[in-house]
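Reading through the structure tokens given below for one structure.
Residue numbers (our numbering): 8 to 456.
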């Protein structure tokens, strides 16, 4: 891995922000609503609106499921946030979070052909957020929770998954976990290790790493072989703050009870000593993870340093310390762990079967398919997950998710894998072609002209 100066990396990391400040005001947003039906002349409004629209309304009133056939609910997803934990910015509020939610909607459309709408709520009360999402259920075929602070994000997700009739997903939890699991599946193939025997150090115990922990256990990692670390040190049953954990941070306390069988105590160095894998979703680095700690890991160590914009340890430092495979959240290093590889295809698959929920097993199937796509292209230390421009990822992922949903009985409609692949492929190709056509015709203006 070529060594690059910190100054060069920081300059490269800052360039997207500079471009964003030029282009966001130029376009005044990233998404818009355009018709999908033909309007031959003004007489057609009698079909699409009054009086003709009354007929499908009465049809839906008689059979509520017909809403999926008569409207776009089948492809609508709400991207919902209160702006309480936006990217690496923290609690910046709903208005300041809106550009992120618009960006999410853009990725949904271009990568998965999903019509997503950003909805930023002017409340931070978890019960009010839950109620607001429930009120939106008649319109949307799925819900994407985004950038909601820990620990309330767990309560909100769990409640909505339990009580709603459409799939609810928190990308900071399930999305990050899905792509991380995909990378881990391929990384251990390269180093010839097995899920059930690896020791894993989890650095950070927020929403992302708690969900990753849950999914890697579902994928085969033994909970007793996991050691998790939060800002106060290693999680274990004898923690001095255990009463607080039990009452306010129940997910962390669950890790105290189920992981770290040897009751290892200390901090990051002690957690990493002898570990085969470290997965860090902590604060931006560098220096959060030190070279000497990587040196204490097992042979052929695997390091996932996922903080943005700067990973917890520079990849070349981890490599110098003996790590064989390094993944980060950045596109300018190999092995980018990027949520965008997950949510567009996962929701495409869930929507196409009219799923009532997205289960952990559906996420695991998405991870396995992601891993297979990369394997089909040829695995290496610098290539353990696909790239976003390998667009076949998304229909393949959609089929895998839909098949598992049908198997688990959470699908309202069923179709063969071949039929679902063809449909997903057509929807995604259409979405991309529309953007290219609008650019060609200058309906999407070129800012440099």
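Glycine is no exception: its CB is placed at the ideal position from the N, C-alpha and C atoms.
Predicted model only: the values in this text are computed from it and were never measured.
Checklist line | Burial state of residue 159, where buried means 16 or more other Cβ atoms lie within 10 Å | finding: For the purposes of this step, residue 159 is taken as the residue at position 152 of the chain shown. That one is buried.
Margin query: Ignoring anything shorter than 3 residues, give me the beta strand (DSSP E) runs that lie fully in the region 329-417, in order along the chain.
Written below: 330-335
Margin query: Suppose you measure from the CA of residue 345 to the CA of residue 298; what does that come to, to the nearest Å?
Written below: The residue labelled residue 345 in the question sits at position 338 within the chain shown. The residue labelled residue 298 in the question sits at position 291 within the chain shown. Looking at the two C-alpha atoms, the distance is approximately 24 Å.
Next item on the list: My understanding is that residue 62 touches residue 124, with C-beta atoms under 8 Å, so please give their C-beta distance in whole angstroms.
Entry: As a first step, residue 62 is located in the chain shown; it is residue number 55 there, counting from the start. As a first step, residue 124 is located in the chain shown; it is residue number 117 there, counting from the start. That pair is no contact at about 26 Å.
Next item on the list: Give, in chain order, every unbroken run of the beta strand (DSSP E) that is at least 3 residues long and sits entirely within the region 197-224.
Entry: 207-210
Item checked: For residue 175, the three-state DSSP class (helix, strand or coil) -> Stepping through the chain shown from its first residue, residue 175 is reached at position 168. The answer is strand: DSSP assigns residue 175 an E or B state.
Notebook entry, point to check: Going by the CB atoms, is the gap between residue 288 and residue 310 shorter than 8 Å?
Noted result: For this step, residue 310 is matched to residue 303 along the chain shown. For this step, residue 288 is matched to residue 281 along the chain shown. It is not a contact, given that the beta carbons lie outside the stated cut-off.
Checklist line | Of the listed residues 120, 107, 366, 246, nearest to residue 437 (C-alpha basis) | finding: Here residue 437 refers to the residue found at position 430 of the chain shown. It is 120 whose Cα lies nearest to the Cα of residue 437.
Notebook entry, point to check: Ends of the beta strand (DSSP E) at residue 127?
Noted result: Counted from its first residue, the chain shown places residue 127 at position 120. Run containing residue 127: 122-127, per the beta strand (DSSP E) assignment.
Note to self: Cutting at 6 Å between CB atoms, please list the residues of its own chain near residue 244, excluding the five before and the five after it.
What the structure shows: In the chain shown, the residue the question calls residue 244 occupies position 237. Here the set comprises 263.
Notebook entry, point to check: Does the beta carbon of residue 363 fall short of 7 Å from some heavy atom of the ligand SAM?
Noted result: Within the structure as shown, the ligand SAM is missing, as the structure has no ligands at all.
Margin query: So residue 187 and residue 296 are supposed to be a Cβ contact under 8 Å. How far apart are they, rounded?
Written below: As a first step, residue 187 is located in the chain shown; it is residue number 180 there, counting from the start. As a first step, residue 296 is located in the chain shown; it is residue number 289 there, counting from the start. That belief does not hold up - the Cβ atoms of residue 187 and residue 296 are roughly 16 Å apart, past 8 Å.
Next item on the list: Could you work out which residue in 128, 300, 357, 153 is closest to residue 142 when comparing CA atoms only?
Entry: Position 135 of the chain shown, counting from 1, holds the residue named residue 142. With distances taken between Cα atoms, residue 142 lies closest to 128.
Next item on the list: Since I believe residue 406 is in contact with residue 381 (beta carbons under 8 Å), could you give me their beta-carbon distance rounded to a whole number of angstroms?
Entry: Position 374 of the chain shown, counted from the first residue, corresponds to residue 381. Position 399 of the chain shown, counted from the first residue, corresponds to residue 406. Not quite, the Cβ-Cβ distance comes to about 17 Å (not below 8 Å), so this is no contact.
Item checked: Residue span of the beta strand (DSSP E) that contains residue 149, given as start and end -> Your numbering for residue 149 matches position 142 in the chain shown. Residue 149 -> beta strand (DSSP E) spans 149-152.
Next item on the list: Check the C-beta distance from residue 234 over to residue 267 and give it rounded, since I have them as a contact under 8 Å.
Entry: If you number the chain shown from 1, residue 234 lands on position 227. If you number the chain shown from 1, residue 267 lands on position 260. Yes, residue 234 and residue 267 are in contact; Cβ-Cβ is about 5 Å, under 8 Å.
Item checked: Secondary structure of residue 85, DSSP reduced to three states -> Counted from its first residue, the chain shown places residue 85 at position 78. Three-state DSSP puts residue 85 in a strand.
Checklist line | Bridge partner(s) assigned by DSSP for residue 93 | finding: The sequence position of residue 93 within the chain shown is 86, counting from 1. The partner list for residue 93 (beta bridge, DSSP) reads 97.
Next item on the list: Quick one: residues in its chain with C-beta nearer than 8 Å to the C-beta of residue 415, no 5 flanking neighbours on either side, listed in chain order?
Entry: Here the question's residue 415 lines up with position 408 in the chain shown. Within the same chain, residue 415 has close Cβ partners 366, 368, 369.
Check: If you draw a straight line from the alpha carbon of residue 177 to that of residue 449, how long is it in whole angstroms?
Finding: To locate residue 177, count along the chain shown from 1; it is residue 170. To locate residue 449, count along the chain shown from 1; it is residue 442. Using only the alpha carbons, I get a separation of about 35 Å.
Notebook entry, point to check: So does the region 337-353 actually touch the region 109-120, counting three or more Cβ pairs closer than 8 Å?
Noted result: yes
Margin query: Contact defined as beta carbons within less than 8 Å: I believe residue 25 pairs with residue 168. What is the distance between those atoms, to the nearest angstrom?
Written below: Along the chain shown, one-based indexing puts residue 25 at 18. Along the chain shown, one-based indexing puts residue 168 at 161. Between residue 168 and residue 25 the Cβ distance is about 39 Å, and since that is not below 8 Å, they are no contact.
Next item on the list: Identify the continuous alpha helix (DSSP H) that holds residue 165 and give its terminal residues.
Entry: Taking the chain shown and counting its residues from 1, the one referred to as residue 165 is at position 158. Where residue 165 is concerned, the enclosing alpha helix (DSSP H) stretches over 159-170.
Next item on the list: Using alpha carbons as the reference points, say which of 202, 107, 249 lies closest to residue 223.
Entry: If you number the chain shown from 1, residue 223 lands on position 216. Out of 202, 107, 249, 202 has the C-alpha closest to the C-alpha of residue 223.
Next item on the list: Would you mind sorting residue 410 into buried or exposed? The rule is 16 or more other CB atoms within 10 Å of its CB.
Entry: Numbered from its first residue, the chain shown carries residue 410 at position 403. Looking at its Cβ environment, which holds 16 or more other Cβ atoms inside 10 Å, residue 410 is buried.
Check: Excluding sequence positions up to five away, which residues of its chain have a Cβ less than 6 Å from the Cβ of residue 231?
Finding: Against the chain shown, residue 231 aligns to sequence position 224. These residues qualify, in order along the chain: 268.
Notebook entry, point to check: Taking the alpha-carbon positions, what's the residue 69 to residue 79 distance?
Noted result: Counting from 1 along the chain shown, the entry for residue 69 is found at position 62. Counting from 1 along the chain shown, the entry for residue 79 is found at position 72. Their backbone Cα atoms lie some 18 Å apart in a straight line.
Margin query: Less than 6 Å between C-beta atoms, sequence neighbours within five positions excluded: which residues of the same chain meet that for residue 397?
Written below: To locate residue 397, count along the chain shown from 1; it is residue 390. None.
Notebook entry, point to check: Leaving out five residues before and five after residue 498 in sequence, what residues of the same chain have Cβ atoms less than 8 Å from its Cβ?
Noted result: Limits of the chain in this structure are 8 at one end and 456 at the other, which puts residue 498 out of reach.
Next item on the list: Ignore the nearest five residues each way along the sequence and tell me which others in residue 356's own chain have a CB closer than 6 Å to its CB.
Entry: Translated into the one-based positions of the chain shown, residue 356 becomes position 349. So the list reads 405, 408, 409, once near-sequence residues are dropped.
Notebook entry, point to check: Considering only C-alpha positions, which residue in the set 306, 399, 308, 337 is nearest to residue 314?
Noted result: Along the chain shown, read from residue 1 onward, the residue named residue 314 stands at position 307. The option with the nearest alpha carbon to residue 314 is 337.
Notebook entry, point to check: Taking C-alpha atoms, which residue in 76, 420, 210 lies nearest to residue 275?
Noted result: The count along the chain shown starts at 1 and reaches residue 275 at position 268. Minimum Cα distance to residue 275 is reached at 210.
Margin query: Could you tell me the alpha carbon to alpha carbon distance between residue 456 and residue 29, rounded to whole angstroms?
Written below: Start at 1 with the first residue of the chain shown, and residue 456 comes out as number 449. Start at 1 with the first residue of the chain shown, and residue 29 comes out as number 22. Going by the C-alpha atoms only, they are around 14 Å apart.
Next item on the list: Check residue 446 in the structure and name its three-state DSSP category.
Entry: Within the chain shown, the letter at position 439 stands for residue 446. Looking at residue 446 - three-state DSSP - the assignment turns out to be helix.
Next item on the list: Within its chain, find whatever has a CB closer than 6 Å to the CB of residue 66; leave out the 5 residues flanking it on each side and keep chain order.
Entry: The count along the chain shown starts at 1 and reaches residue 66 at position 59. Hits under 6 Å: 73.
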